[in-house]
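Down below is the structure, laid out as structure tokens.
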Amino acid sequence: MDAQAPPAIAIAPRTAGWIDAAVEAGGGRLARPPEAVAVVWTAPDDPDGLADLLAANPQIEWVQLPWAGIDPYLHLMASERGRTWSCAKGVYADPVAEHALALLLAGFRQLPRYARAETWTGDAGRNLFGARVTILGGGGIAGVLVGLLAPFRCTITVVRHTPQAMAGVDRVLPPHRLHHALDGAEALVLALPLLPDTVGLIGAAELALLAPDAWLVNVARGAHVDTGALVSALEGGRLGGAALDVTDPEPLPDGHPLWSLPNVVITPHTGNTKAMARPLLAARITENVRRYRAGESLVGLVDVDLGY
Numbered sequence: 001m002d003a004q005a006p007p008a009i010a011i012a013p014r015t016a017g018w019i020d021a022a023v024e025a026g027g028g029r030l031a032r033p034p035e036a037v038a039v040v041w042t043a044p045d046d047p048d049g050l051a052d053l054l055a056a057n058p059q060i061e062w063v064q065l066p067w068a069g070i071d072p073y074l075h076l077m078a079s080e081r082g083r084t085w086s087c088a089k090g091v092y093a094d095p096v097a098e099h100a101l102a103l104l105l106a107g108f109r110q111l112p113r114y115a116r117a118e119t120w121t122g123d124a125g126r127n128l129f130g131a132r133v134t135i136l137g138g139g140g141i142a143g144v145l146v147g148l149l150a151p152f153r154c155t156i157t158v159v160r161h162t163p164q165a166m167a168g169v170d171r172v173l174p175p176h177r178l179h180h181a182l183d184g185a186e187a188l189v190l191a192l193p194l195l196p197d198t199v200g201l202i203g204a205a206e207l208a209l210l211a212p213d214a215w216l217v218n219v220a221r222g223a224h225v226d227t228g229a230l231v232s233a234l235e236g237g238r239l240g241g242a243a244l245d246v247t248d249p250e251p252l253p254d255g256h257p258l259w260s261l262p263n264v265v266i267t268p269h270t271g272n273t274k275a276m277a278r279p280l281l282a283a284r285i286t287e288n289v290r291r292y293r294a295g296e297s298l299v300g301l302v303d304v305d306l307g308y
């Protein structure tokens, strides 16, 4: 491709003014799919629609997906390895890590209990300072969260696929040492992608390894956690509490036991709201269009074999 020529970029299945502007800011030219060399796909969960578009337009070289969670598209990527795939991984690290810290503090300070109170109650809560924190996932969210936890002088363990050292982290362990990482942890934060081997990763055995007053914070995917085991541990007093931005099932049905437990706080998958996401995603699209035009490596490239 001529690095001087604006690449023809399609936006599908629908667009918005801010997406158009992001493509043009990167030096791209808005085009219909038959004319395009790349597509910004804006549906988070329509792999069939994207498959149809790619089949009809084999000249498309690069696909930009809008979210970090790409599990609905992995089978399509596996069958379309000749194309370049990028997603929004890392884009939303700041707001999601901030939300994880807010949930962690809410749990440690017993804010769910106080929020439900209808009369003056006795004191409760504990300090986050010096706590033993285990984070599952070593990507952008984990990296930002580690930085946010620095003033609290926590002892931090990270479990990640590639157990390489991370700044501010005391231990980085591989997945097969998960139980070692959980043993005695006072806080467990889930910030990892949903893959076949991470579905149901946290069940009764894993919850039993945590400190009795530990808090579970999930800003990843609800399916990482066995919901029945979580409810049992919470009801049985074997877990301090749970702060969940994601659930399984999701949306969480009315009347589900998690809604009424006093040691649970639930936010409706709002770790990253639309208002927060748009400027961040726009910046990613602009940067990747610029890089594509210049022949540079894209940000957020998907490793199809790893699944993220």
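Under my numbering, the sequence shown has 292 at position 292, and the numbering climbs by one with no breaks.
Backbone N, C-alpha and C define an ideal beta-carbon position, used for all residues, glycine too.
Inset, instruction - Could you check if E206 is buried or exposed, using at least 16 other CB atoms within 10 Å of its CB as the buried criterion? - result: When all chains shown are included, E206 counts as buried.
Inset, instruction - Find out if the Cβ-Cβ distance for the pair P33, R293 is shorter than 8 angstroms. - result: By the CB criterion at 8 angstroms, P33 and R293 fall outside the cutoff.
Inset, instruction - Give the C-beta separation of P390 and P268 to the nearest angstrom, bearing in mind that I take them to be a contact with Cβ-Cβ under 8 angstroms. - result: One cannot answer for residue 390 here, as it falls past the ends of the chain, which runs 1 to 308.
Legend entry - Three-state class that DSSP yields for T84 in the structure shown: When DSSP states are grouped into helix, strand and coil, T84 belongs to the strand group.
Legend entry - Proximity below 8 angstroms, CB of A277 to CB of A22: In this structure, A277 lies away from A22, with their beta-carbon atoms at least 8 angstroms apart.
Legend entry - Rounded Cβ spacing between T247 and G222 (contact assumed at less than 8 angstroms): Their Cβ separation, rounded to whole angstroms, is 4 angstroms, which keeps T247 and G222 in contact under 8 angstroms.
Inset, instruction - Evaluate contact between the stretch 155-162 and the stretch 170-179, counting only Cβ atoms and requiring at least three cross-stretch pairs below 8 angstroms. - result: Yes, since at least three Cβ pairs between the stretch 155-162 and the stretch 170-179 fall closer than 8 angstroms, the two stretches touch.
Legend entry - Same chain, Cβ closer than 6 angstroms to G255, five either side skipped, listed in chain order: If we look at G255 and ignore the five residues flanking it on each side, it has no Cβ neighbours.
Legend entry - For Y114, the nearest candidate out of L261, V199 and L301 (CA to CA): Looking at the Cα atoms, L261 is the closest of the given residues.
Inset, instruction - Report back the beta-carbon spacing between V265 and L103 to the nearest angstrom; my notes put them in contact at under 8 angstroms. - result: Contact check for V265 and L103: beta-carbon distance about 7 angstroms, within the 8 angstroms limit, so the pair qualifies.
Inset, instruction - Consult DSSP for W62 and reduce its assignment to one of helix, strand or coil. - result: Residue state, collapsed to three classes: strand.
Legend entry - Exposed unless 16 or more other CB atoms sit within 10 angstroms - verdict on T273: It is exposed - the Cβ of T273 has fewer than 16 other Cβ atoms within 10 Å.
Inset, instruction - May I have the straight-line CA-CA distance separating S79 from D48, to the nearest angstrom? - result: A straight line joining the alpha-carbon of S79 with that of D48 spans about 13 angstroms.
Inset, instruction - Going by DSSP, name the residue or residues bridged to N218. - result: Note: N218 sits in a beta bridge opposite L190 and L244.
Inset, instruction - Figure out for me which residue from H75, R29, P95 and A38 has the closest Cα to the Cα of P279. - result: Taking P279 as reference, the option from H75, R29, P95 and A38 with the minimal CA-CA separation is P95.
Legend entry - Whole-Å CB distance - A229 paired with A204, under 8 angstroms assumed: 4 angstroms between Cβ atoms; contact.
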